[in-house]
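Q:
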Amino acid sequence: ETGTSLISLNVYDASIRRVTIYWLALASMTALLAALFGLLRGSTGAAIRAIRDNEDAAASVGVRVTGTKRLLFVLAAFGIGIAGALWLATSITFQPKTYFNVQWTAYMIFMVLVGGIGTFEGAILGALVFFLIETWFGGAG
25 ETGTSLISLN VYDASIRRVT IYWLALASMT ALLAALFGLL RGSTGAAIRA IRDNEDAAAS
85 VGVRVTGTKR LLFVLAAFGI GIAGALWLAT SITFQPKTYF NVQWTAYMIF MVLVGGIGTF
145 EGAILGALVF FLIETWFGGA G
């Protein structure tokens, strides 16, 4: 196994780290959700829905399909990068086999399916339900 200990890197102060990670996670989540909400309610959101419904028809009425897809890819990568960095910061050690497995994909699919596909609030609701279930049954053994 490979891994790096944050304690050996002298970056581990549990109380300060926990508070900092909490506020960073809250601020980044709020900023990303506000940006996503604004994006989906504007002309870009209309372009995204048009591409979803019929890509060729969207292109024929002037929607920049490739540019819109590229924007979505970059925004998704940015959000996932922030989430991954904050998730890693909560751990004392990092084991690649723990974090890079198919279980995380199954978690995301579960959250989207439970919350509802295609709704802004659905993914948030699905994540809340997932973590409530995980906490409830995790404490039960």
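Just so we're on the same page, our numbering is the position in the sequence shown counted from 1, plus 24.
All C-beta atoms, glycine included, are put in the ideal place defined by N, C-alpha and C.
(1) Which residue wins for smallest C-alpha separation from Phe134, given the options Ala70, Ile148, Thr54, Asp80?
(2) From which residue to which residue does the alpha helix (DSSP H) around Gly162 run?
(3) Check each candidate in Phe155, Ile106, Lys121 and name the one with the smallest Cα separation from Val136.
(4) Pull up the distance between the alpha-carbon of Pro120 and that of Thr44, whole angstroms please.
(5) On the three-state DSSP scale, how would you describe Phe124?
(6) Ile75 and Val87: beta carbons closer than 8 Å?
(7) Closest by CA to Ile157, which one among Tyr131, Phe144, Gly108?
(8) Beta carbon of Ala82, beta carbon of Ala100: below 8 Å?
(9) Along the alpha helix (DSSP H) that carries Ser67, what are the first and last residues, could you check?
(10) Give me the Cβ distance between Leu95 and Ala49, rounded to the nearest whole Å; I'm assuming they're in contact under 8 Å.
(11) Can you find the residues in the same chain that come closer than 7 Å, C-beta to C-beta, to Phe161, ignoring five residues on each side of it along the sequence?
(12) Alpha carbon to alpha carbon, how far is Val85 from Leu112? Give it in angstroms, no decimals.
(13) By how many angstroms is the C-alpha of Ser67 removed from the C-alpha of Phe102?
(14) Around the C-beta of Gly163, are 16 or more other C-beta atoms found within 10 angstroms, so that it is buried, or is it exposed?
A: Per the coordinate set shown:
(1) Position 110 of the sequence shown holds residue 134. Comparing Cα-Cα distances from Phe134 to each of Ala70, Ile148, Thr54, Asp80, the minimum goes to Ile148.
(2) Stepping through the sequence shown from its first residue, residue 162 is reached at position 138. Taken as a continuous stretch (DSSP letters only), the alpha helix (DSSP H) holding Gly162 covers 144 to 164.
(3) Start at 1 with the first residue of the sequence shown, and residue 136 comes out as number 112. Of the candidates Phe155, Ile106, Lys121, the one whose C-alpha sits nearest the C-alpha of Val136 is Phe155.
(4) Locating residue 120 in the sequence shown gives position 96, counting from the first residue. Locating residue 44 in the sequence shown gives position 20, counting from the first residue. For Pro120 and Thr44, the gap between their C-alpha atoms comes out near 24 Å.
(5) On the sequence shown, residue 124 is found 100 positions in, with the first residue counted as 1. Coil, per DSSP.
(6) Your numbering for residue 75 matches position 51 in the sequence shown. Your numbering for residue 87 matches position 63 in the sequence shown. Yes. Within cutoff.
(7) Along the sequence shown, read from residue 1 onward, the residue named residue 157 stands at position 133. Ile157 has its Cα closest to that of Tyr131, out of Tyr131, Phe144, Gly108.
(8) Counting from 1 along the sequence shown, the entry for residue 82 is found at position 58. Counting from 1 along the sequence shown, the entry for residue 100 is found at position 76. No, these two residues do not count as a Cβ contact at 8 Å.
(9) For this step, residue 67 is matched to residue 43 along the sequence shown. Here the alpha helix (DSSP H) through Ser67 covers 67 to 77.
(10) Looking up residue 95 in the sequence shown gives position 71. Looking up residue 49 in the sequence shown gives position 25. The C-beta distance from Leu95 to Ala49 rounds to 24 Å, too long to meet the 8 Å contact threshold.
(11) One-based indexing of the sequence shown puts residue 161 at position 137. Cβ within range, chain order: n/a, list empty.
(12) Position 88 of the sequence shown holds residue 112. Position 61 of the sequence shown holds residue 85. Pairing Leu112 with Val85, the inter-Cα distance amounts to about 44 Å.
(13) The residue you call residue 102 lines up with position 78 of the sequence shown. The residue you call residue 67 lines up with position 43 of the sequence shown. If I take the Cα positions, the gap works out to 21 Å.
(14) Working through the sequence shown from its first residue, we reach residue 163 at position 139. Residue environment for Gly163: exposed (fewer than 16 other C-beta atoms within 10 angstroms of its C-beta).
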